[in-house]
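Participant: Have a look at this one.
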Amino acid sequence: MFPVQMLSRLGALARRFASRWSQRRRCSDSRVAPVRYSANRRVGVLSLVLLLPSLGLGANAPELPLYADRASDLDLAVTGLLAGADPGARRYARWSDLARLPKTKLRLAGEFGPGEQEVTVVFLSDLWAALPVQGGADTLLATCSDGYAAVYLTTFIRDYRPFLVLEINGQGPEKWPPAGLRFNPGPYVLSVAASVVPSVAELIDAGHKRPWGVTTLEIARLESRFGALFGGPWARAGEVVRQGRELWIHSCASCHRGPAEVFGGTKSDRPFALLAAQARGAPDYFRRYIIDPKGLVPTAKMEAHPHYTEAQLDALTAFVALGVAP
Ligand code: HEC
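Under numbering that gives the first Met the number 0, residues 0 to 325 are what the sequence shown spells out, in order.
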């Protein structure tokens, strides 16, 4: 399905897990006292016919009420291809309504600090089924308070069963961070676990499917939201370039945005055209930066990708290099 993503990288993952709390998942603590916004206005209940999930999962899940106005910092913003909503419109789901969706308790080791934590979760398949998803949508995009982003295709949601964390050790996000954790992972965390689906351990960059500080979910169609990367110089991409694009979307786009309006995180301020110029004109630098940014630039903030194979670096370089007109 995602051959590049599936390559077994257990050792690298173990290293990444070990340093996970201190690195990427840091997010600014935006959870100040709840702000009062204008009065709650329930957006009309949308037809169940429009809810039919393309996933074929959770078809009987209850509908999630969405509101036009934010009532709390703990509301989850939902946008994108929502039936009955204007393009670009933002709706808000309340924590208490999310907690009425089908819930599961999981025991996760080391997810939120040392030791085991019991977490209450809603699987994204059930969340997707409870949202008024427009036909053709195939992707859930998460954005975080610190500019980090994550991409979940519905096939990924089906196969790897990612979930939304509502409680850690029985406590909701108003009580976060849990004891022993320096950074507040709220308002929402998405994650995957090998204890739920063993093949999660084989994902090349599972960390990118575990964002903290998630504030917004967008329902999208992958080939539209990443449209530019499927047209222009990339329209007739061969197998190697396609693999590079897949790595880009599922890993690099967590921090890199572009070209133009293509979805991605904002942790990197480097324009796509600069990366493309590097991939074309200085491919050795480009490759080394991916593997070990600090080795090249001591102040680099980008995380290292020492687990990438030569073939994966070839694919990324070939893909990104096309971003500059010949
Ligand atoms: C965790 C966030 C993050 C991820 C994931 C990430 N980057 Fe970066 N990247 C950055 C940031 C931040 C910068 C800006 C320079 C810096 O501080 O390292 C950057 C800069 C770069 C640069 C430019 C270096 C320069 O000379 O300015 C390249 C090339 C690059 N990234 C490639 C990639 C590729 C390819 C991937 C996917 C394999 C990737 N990055 C994944 C955060 C990230």
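A virtual CB, placed ideally from N, CA and C, is assigned to each residue, including glycine.
Just reading off the alpha helix (DSSP H) that G109 is part of, what are its end residues?
Facilitator: That residue, G109, is in no alpha helix (DSSP H); it is neither H nor E in DSSP.
Participant: Return helix, strand or coil for V319, following the three-state DSSP convention.
Facilitator: In the structure shown, V319 sits in a helix (DSSP, three-state: H, G or I).
Participant: Alpha carbon to alpha carbon, how far is P177 from G171? Give it in angstroms, no decimals.
Facilitator: 10 Å
Participant: Using 8 Å as the cut-off, can you tell me whether the region 204 to 215 makes contact with the region 140 to 154, which would need three or more C-beta pairs spanning the two stretches below that distance?
Facilitator: yes
Participant: What does C143 pair with, by DSSP beta-bridge criteria?
Facilitator: V213
Participant: Look at the alpha carbon of H255 and the alpha carbon of D268, and state the distance between them as a whole number of angstroms.
Facilitator: Between the alpha carbons of H255 and D268 lies a gap of roughly 8 Å.
Participant: A82: beta carbon under 7 Å from a heavy atom of the ligand HEC?
Facilitator: no
Participant: Can you name, in chain order, every residue of its own chain whose Cβ lies under 6 Å from the Cβ of E166, other than the five neighbours on each side?
Facilitator: Apart from sequence neighbours up to five positions away, the residues of its chain that approach E166 with a beta-carbon distance below 6 Å are T119, ordered along the chain.
Participant: Quick one: what's got a C-beta closer than 8 Å to G237's C-beta in the same chain, skipping five residues either side?
Facilitator: Nothing listed; no residue qualifies.
Participant: Please confirm whether any heavy atom of the ligand HEC lies closer than 7 Å to the CB of K208.
Facilitator: no
Participant: Got a sec, what are the start and stop residues for the beta strand (DSSP E) R90 sits in?
Facilitator: 89 to 92
Participant: Write down the C-beta distance between F285 and A278 rounded to the nearest angstrom, noting that I regard them as a contact closer than 8 Å.
Facilitator: 5 Å
Participant: Using CA atoms only, rank isn't needed, just tell me which of L273, S194, W175, P86 is closest to L105.
Facilitator: S194
Participant: Using C-beta distances below 6 Å, list every residue in its chain close to V323, excluding the 5 sequence neighbours before and after it, in chain order.
Facilitator: Closer than 6 Å at Cβ, skipping near neighbours: A275, A276, R279.
Participant: Determine the DSSP secondary structure at Q133, reduced to helix, strand or coil.
Facilitator: coil
Participant: Enumerate in chain order the residues of its own chain whose CB-to-CB distance from T265 is below 7 Å, with the five nearest sequence positions on each side excluded.
Facilitator: Excluding its 5 nearest sequence neighbours in each direction, T265 has C-beta neighbours in its own chain below 7 Å: G146, R256, listed in chain order.
Participant: By Cβ distance, which residues of its chain are closer than 8 Å to E260, with the 5 residues on each side in sequence left out?
Facilitator: A227
Participant: Can you give me the start and stop residues for the beta strand (DSSP E) that I167 sits inside?
Facilitator: 162 to 167
Participant: Report the residue from A303, A82, I248 whose alpha carbon sits nearest the alpha carbon of P292.
Facilitator: Nearest Cα to P292 within the set A303, A82, I248: A303.
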